[in-house]
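Numbering (my numbering), first residue to last: 6 to 177.
By construction, the Cβ of each residue, glycine as well, lies at the ideal position given by its N, Cα and C atoms.
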Amino acid sequence: MERVYLVGFMGVGKSTIGKKLAHKLNFEFIDLDYIFEEKYKISIDRFFHKYDEELFRKMEHELLLATFEKPNAVISTGGGTPCFYGAMDKINQAGISIYIKMQPSAIAYRLSSARRKRPLIDNLPKEDLQKFIAEKLKKREPVYQKAHIHINGMNVHIDELAEKLQKELNTA
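Okay, here's the thing in structure tokens:
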């Protein structure tokens, strides 16, 4: 397996961890959200408002499928990417998946202070954010749980994770 997929809720640090991990493994880093925005020349937030989530998920899934041909890559997925079109099972066949897990309160704290626009929470009052995250996470958790490796997003040791993955990749 030449690919590592990072899955988890928005705001858990998939892109940040992914960049560091790719550097440690000497792999390419691919951020699906960034790829979407570059390819379609529109922010995900604007796309959601102009079109809809269903169309976004279809287009996002096509971008995910294209990563299956990329060797030596760490891929940061969107928070919902694994939850549509049987994507998590496909991810698990295409590479090693890592679920970055966090408590809803920690995610809410991160998202409330983030500058990046998030279409699913844009119009949500701050006091409803944690409840929304907890409910959405409850629905997505069974999908995320299918990941090969689970890590705590609050306590990520990149060196240890890279070493563990290096062993996995060498035995694959």
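- The C-beta of R8 has 16 or more other C-beta atoms within 10 Å across all chains shown, which makes the residue buried.
- Relative to L70, the option among L142, I154, F89 whose CA is nearest is F89.
- Buried is the label assigned to Y104, since at least 16 other Cβ atoms lie within 10 Å of its Cβ.
- Going by beta carbons, P109 and I138 fall inside the 8 angstroms limit.
- When secondary structure is reduced to three states using DSSP, D57 falls in the coil class, being assigned neither helix nor strand.
- As the crow flies, the alpha-carbon of L60 is around 31 angstroms from that of K25.
- From the listed residues E146, Y149, I112, the smallest Cα separation to K131 is found for I112.
- Annotation: the continuous alpha helix (DSSP H) that includes A27 extends over 19–30.
- Below 8 angstroms, enough C-beta pairs join the segment 36–56 and the segment 67–86 to call them touching: three or more.
- Boundaries of the beta strand (DSSP E) harbouring I101: 101–106, taken from the DSSP string.
- If you ignore the 5 residues before and after S117, its C-beta comes within less than 7 angstroms of the C-beta of K131, L134, all in its own chain and listed in chain order.
- Around the Cβ of Y149, a 10 Å sphere holds 16 or more other Cβ atoms; the residue is buried.
- For Y90, no beta strand (DSSP E) run applies, since DSSP gives it neither H nor E.
- Below 8 angstroms, too few C-beta pairs join the segment 46–58 and the segment 25–37 to call them touching: fewer than three.
- One alpha carbon belongs to K106, the other to K46, and they sit about 31 angstroms apart.
- Residue range 78–81 is occupied by the beta strand (DSSP E) that includes S81.
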